[in-house]
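Encoded as structure tokens, the structure appears first; notes follow it.
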Ligand code: PLP
């Protein structure tokens, strides 16, 4: 008889977003015609940049003619797009070799697939509050999970403790859900830990484009990181590709353990398990890295940043402690009056029809906190901010 992966039995139901959807559905059923201000989702609300749209149209036309038609793309990515990605890193002083950047169909896909490279007998350190997929993907893979809580005392950017024994370490910076960004010093401490313990860092840079202060966008800005870290990034939030699907992964050439080389393993994995990202999408993605594309995506990011400012102003006025907002599209607040995170969720929904995300859903230490996304429509965000102010003021 076929044996299924028993690890699925240990997974919790996708409790967080399912529970939020259930609660909001019930509220709308009981209050027909009510408008909800949705500040919970991590999806973008603005369309793709014109430069991208125009290249996507061009690519569709290319596929209509024999002379410009493209079949399978290289499994590891269009070499021109890989070169664009390397040039993007170079602007920040990070030099990547020709084979070190891979095109992907998004960070989620990579976060799951990359686990193929690791033995089941590994301990994975996940700093919490965390993006829920990290825990779930590692439970499916059957890894041991070490939950490292963080909090206000360490600004949600914890430091390593040499007593911890972790083989694979997740760092998400800027962080979802807290919006916190690791400083160079803190990342250096993790790189030193990884080198000392023979561990590998998995750096999730999905929100790097939102950093405006002098903070690292990439783990490779830290000396020594090319010996012990891989990086997964995405055009989803940077350029509105959530529904278009394109991202990139960096695996330095020089990381080997036990006679196996990570970069070569990933090439082998991709050439076995994918036939590359579509020509059309990759042509559209190339436009993101042009001067015009960069300007246009920046304009969109600035609209989300205005949303963040509008909310931060209210939390400042209300003297509610918060993290994020400045270098990330999320604002993570301490629930007022020591409320629990679901209690605060219910209060916002019942009283002002604002929907956010309870911190408890991102790990136990997220209890008592609440996440607001700044990816919404500016007018909706402005009204939601006014309503929060009136309710809590
Ligand atoms: N990593 C983090 C931290 C995220 O928050 C998300 C999406 O919300 C992803 C990765 C997945 O991004 P993508 O759309 O590229 O799959």
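Residue numbers (this note's numbering): -12 to 380.
Just so it is clear, CB atoms sit at the ideal spot from N, CA and C, and this is done for glycine as well.
If you're wondering where the values come from, they're calculated on a predicted model, not measured in any experiment.
- Only residues of its own chain outside the window of five on either side were considered, and among them 238, 240 have a CB closer than 6 Å to the CB of residue 250, listed in chain order.
- Distance from the CA of residue 248 to the CA of residue 73, rounded to the nearest whole angstrom, comes to 21 Å.
- Counting only beta-carbon distances shorter than 6 Å to the non-hydrogen atoms of ligand 1, the qualifying residues in chain order are 29, 93, 94, 95, 118, 159, 163, 191, 193, 221, 223, 229, 234.
- In the structure shown, the three-state DSSP call for residue 322 is coil.
- If you draw a 10 Å sphere on the C-beta of residue 243, you find fewer than 16 other C-beta atoms in it, and that means exposed.
- Residue pairing for residue 243: DSSP places it in a beta bridge opposite 248.
- The continuous beta strand (DSSP E) containing residue 356 extends over residues 356 to 360.
- Counted as a single uninterrupted DSSP element, the beta strand (DSSP E) harbouring residue 110 occupies residues 110 to 115.
- With distances taken between CA atoms, residue 260 lies nearest to 103 out of 14, 65, 103.
- If one requires a minimum length of 3 residues, the beta strand (DSSP E) runs lying completely within the region 119 to 179 are 131 to 136, 155 to 159, in chain order.
- Exclusion of the five residues before and after residue 158 leaves 114, 169, 174, 177, 188, 189, 190, 191, 206 as the residues of its chain whose Cβ lies within less than 8 Å of its Cβ.
- For residue 30, same chain residues with a beta-carbon under 7 Å away, outside a window of 5 residues either side, are 229, 362 in chain order.
- If you draw a straight line from the Cα of residue 286 to the Cα of residue 171, it is about 27 Å long.
- Looking at the DSSP output, residue 190 bridges to 158, 218.
- The beta carbons of residue 27 and residue 369 sit no closer together than 9 Å.
- Along the region 254 to 321, the beta strand (DSSP E) occurs as fully enclosed runs of 3 or more residues at 309 to 311, 317 to 321, listed in sequence order.
- Taking all protein chains shown into account, residue 56 has fewer than 16 neighbouring C-beta atoms within 10 Å of its C-beta and is therefore exposed.
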